[in-house]
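In the numbering used here, the protein residues as written are 12 to 195.
C-beta: ideal position from N, C-alpha, C; glycine also.
Reviewing the structure listed below.
This is the structure in structure tokens:
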């Protein structure tokens with residue numbers, strides 16, 4: 012019998028306040044959603060264990076939900092160390108959150124994390140169709156400009172593409188390390 016391969020992956024979840032970082036993580040880990048906004052204070056670390064039968068591997072995801080408020084700027088820098096991948100999240104209803112992806116969040120990830128780290132661009136709040144400010148095409152274009160491994164639009168409220176976002180980030184990180192997992 013082949014020995015089980017085990018990994019621990021530190022992934023950061025980045026974006027402006029109230030883009031849905033915590034909601035996406037909670038939907039992914041516990042399949043729950045709360046409409047009550049509670050800002051993250053500093054950092055919140057959650058874990059999820061994954062098992063992949065196809066290549067006999069186990070992965071512990073360490074999901075670092077970093078506060079988006081500017082007041083955490085100085086302390087946030089130290090939380091990037093060891094991060095091998097990131098979800099860069101914007102709110103499809105607020106253009107300012109989209110503009111700060113490359114000028115703030117990607118810049119921080121590359122500067123304080125790993126310059127060669129993998130990241131996926133996420134357009135969240137797909138369920139708020141009447142309030143959309145950023146088109147899917149604009150998201151795809153930015154994704155190409157910043158060389159993101161993928162672009163996915165999600166709804167934390169309804170769970171749309173949430174599993175796919177995390178699965179594809181894990182697959183992209185492992186693929187860069189020479190381990191192949193299928194993207195959803």
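Do residue 112 and residue 161 come within 8 Å of each other at the CB atom, strictly closer than that value?
Between residue 161 and residue 112, the C-beta gap is not smaller than 8 Å, which leaves the two residues out of contact.
Determine the direct distance from the alpha carbon of residue 114 to that of residue 55, and round the result to whole angstroms.
Going from the Cα of residue 55 to the Cα of residue 114 covers about 24 Å.
In chain order, what residues of the same chain have a beta carbon less than 7 Å from the beta carbon of residue 188, not counting five sequence neighbours either side?
So no residue of the chain qualifies.
Does the region 117-128 touch the region 163-176, meaning 3 or more C-beta pairs lie closer than 8 Å?
Verdict: no, contact absent.
State the Cα-Cα distance for the pair residue 74 and residue 178, rounded to the nearest angstrom.
Near 13 Å, if we compare the C-alpha coordinates of residue 178 and residue 74.
Once you ignore the five residues that flank residue 59 on each side, which residues in its own chain have a CB closer than 6 Å to its CB?
Result list for residue 59: 40, 72, in chain order.
Residue environment, residue 96, which counts as buried when at least 16 other CB atoms sit within 10 Å
Counting Cβ neighbours within 10 Å, residue 96 comes out buried, since at least 16 surround it.
Check for me: the beta strand (DSSP E) holding residue 55 runs from which residue to which?
Residues 54-63.
Of all the options 32, 27, 20, 22, which has the alpha carbon lying nearest to the alpha carbon of residue 165?
Closest option to residue 165, judged by alpha-carbon separation, among 32, 27, 20, 22: 32.
As assigned by DSSP and simplified to three states, the class of residue 36
DSSP places residue 36 in helix when its eight states are reduced to three.
Which same chain residues end up closer than 6 Å to residue 195 when comparing Cβ atoms and leaving out the 5 residues on each side of it in sequence?
Model confidence at residue 195 stands at a pLDDT of 41, short of 50, so the residue's coordinates are unreliable; what they give is reported in the following sentence. Taking C-beta separations shorter than 6 Å and ignoring five residues to either side along the sequence, the partners of residue 195 in its chain run 175, 178, following chain order.
Enumerate, from N- to C-terminal direction, the unbroken alpha helix (DSSP H) stretches of 4 or more residues contained entirely within the region 81-161.
Complete alpha helix (DSSP H) runs here, min 4: 84-87, 106-111, 118-123, 147-156.
Out of curiosity, what's the CA-to-CA distance linking residue 62 and residue 185?
For residue 62 and residue 185, the gap between their C-alpha atoms comes out near 14 Å.
Taking a contact to mean a Cβ-Cβ separation below 8 Å, would you say residue 100 touches residue 181 in this structure?
Against a cut-off of 8 Å, the Cβ pair of residue 181 and residue 100 comes out as no contact.
By Cβ distance below 7 Å, which residues in the same chain neighbour residue 15 in space, the five residues on each side in sequence not counted?
Cβ within range, chain order: 67, 68, 69.
Can the beta-carbon of residue 105 be found closer than 8 Å to that of residue 152?
No, the pair does not count as a contact, with Cβ atoms beyond the cut-off.
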